[in-house]
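Heads up, the sequence shown is in this note's numbering, so the first residue is 33 and it goes up one at a time.
This report refers to the structure that appears directly beneath it.
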Amino acid sequence: MIISGKDLAAEIKRDIAADVVKYKEQYGREPHLVVILVGENPASVSYVTGKAKDSEEVGFKNTTICRPETVSEQEVLDLIAELNEDKAVDGILVQLPLPKHISEDKVIAAISKEKDVDGFHPLNVAALWQKQKCILPCTPKGVIKLLDKAGVEIEGKKAVVLGRSNIVGLPVSKLLLDRNATVTMCHSRTKNLAEVTREADILVVAIGRPKFVTADMVGEGAAVIDVGVNRDPETGKLCGDVDFAACADKASVITPVPGGCGPMTRACLLENTIECYLNQVAK
Ligand code: GUN
């Protein structure tokens, strides 16, 4: 079975759009997401355009602020400080990566924790690992929603997470642990990697290499979630970290790329914006 992130994201967006109509009546304004784009990296431009389109689709106010590649770190920090203070702004997202002369750590930490729709702020990350209320990072949240939608039991299962990034691998592992899976975290340098991944009931892959996971790495009946977004070096088309054609027959459920985790990340960003908005209007 192929799990369609596109369909589930569309369901989530329909619900949010209906809620926004009600909230607008109740609180007198719509949720407002501000996205900051530095430079013109084509992938970043495409992501930011997608976020703006989704926001508008559900009735949010969306502001995309573009700054040139040469903008100084201080200018970006000043802009964030201004947006933090603005009561008409609910969510702030700075598209990553940033040019080398700007510290991503500094920029992420400058965003008010209450407006951190990405869930990247150190206080949000700490809250997640300390089982406190927090804004969940979008992609990991989307992965869990996909598993739930597909009816995959998580509790008591062996989950293997391939990749250890701050954005995906580490928080996905934590969310699976919180759902009482037994989690193995592994990476490209793991010895006998195929032996480890083959044991997984649930295999989440976020390693950032096209078609890295081959059929011999997938156990019979595993649920496979592919977070990768890459260009296939042979065809130039979008592809995941999993060789979908080779692994689909072995998996009980599998996500496609595109149309799997990508749309879910965007849907969860909208959910997080609503969460920040409701906190803001309740103040
Ligand atoms: N660049 C790639 N993915 C993301 C994301 O989820 N959030 C931000 N801010 N930048 C990204």
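In this text, a Cβ means the ideal position worked out from N, Cα and C, and glycines have one as well.
Between ligand 1 and Asp-258, a heavy atom-to-CB distance of less than 7 Å is absent. Not one heavy atom of ligand 1 sits closer than 7 Å to the Cβ of Val-121.
In the DSSP assignment, Met-217 falls within the unbroken beta strand (DSSP E) covering 214–218. Unbroken beta strand (DSSP E) stretches of 3 residues or longer found wholly inside the stretch 178–266: 190–194, 214–218, 234–237, 255–258, given in chain order. Rounded to whole angstroms, the separation of the alpha carbons of Gly-251 and Arg-61 is 50 Å. Judged by the Cβ position, Cys-170 qualifies as a neighbour of ligand 1 at the 7 Å threshold, a heavy atom of the ligand being closer than this. The shortest CA-to-CA distance from Met-33 to any of Asn-311, Glu-117, Ala-159, Val-285 is the one to Val-285.
Relative to ligand 1, even the nearest heavy atom lies 7 Å or more away from the CB of Ile-176. For the pair Val-215 and Thr-222, the CB atoms are not nearer than the 8 Å cut-off.
Between Ile-140 and Ile-124, the C-beta gap is not smaller than 8 Å, which leaves the two residues out of contact. Under the 8 Å Cβ criterion, the stretch 263–277 does not count as touching the stretch 299–308, having fewer than three qualifying pairs.
Counting only runs that start and end inside the stretch 268–294, the alpha helix (DSSP H) elements of at least 4 residues fall at 276–279. Pairing Pro-131 with Gln-106, the inter-Cα distance amounts to about 13 Å. Beta-bridge pairing by DSSP links Leu-65 to Asn-94, Gly-123. For Tyr-79, the CB falls within less than 7 Å of some heavy atom of ligand 1. Taken through DSSP and simplified to helix, strand or coil, Ile-34 comes out as strand.
Note on the stretch 141–168: whole alpha helix (DSSP H) runs with a minimum of 4 residues are 154–161, in chain order. Relative to the Cα of Thr-95, the nearest Cα in the group Lys-206, Ile-68, Ala-254 belongs to Ile-68.
Excluding sequence positions up to five before and after Lys-282, its CB lies within less than 8 Å of the CB of Ala-247, Val-250, Gly-251, Glu-252, Gly-253, Ala-254, all in the same chain and listed in chain order. Of the other Cβ atoms in all chains shown, fewer than 16 fall within 10 Å of the Cβ of Gln-58; this residue is therefore exposed. Inclusion of Gln-127 in the 7 Å shell around ligand 1 follows from its C-beta lying nearer than that to a non-hydrogen atom of the ligand. The nearest non-hydrogen atom of ligand 1 is less than 7 Å from the C-beta of Thr-297.
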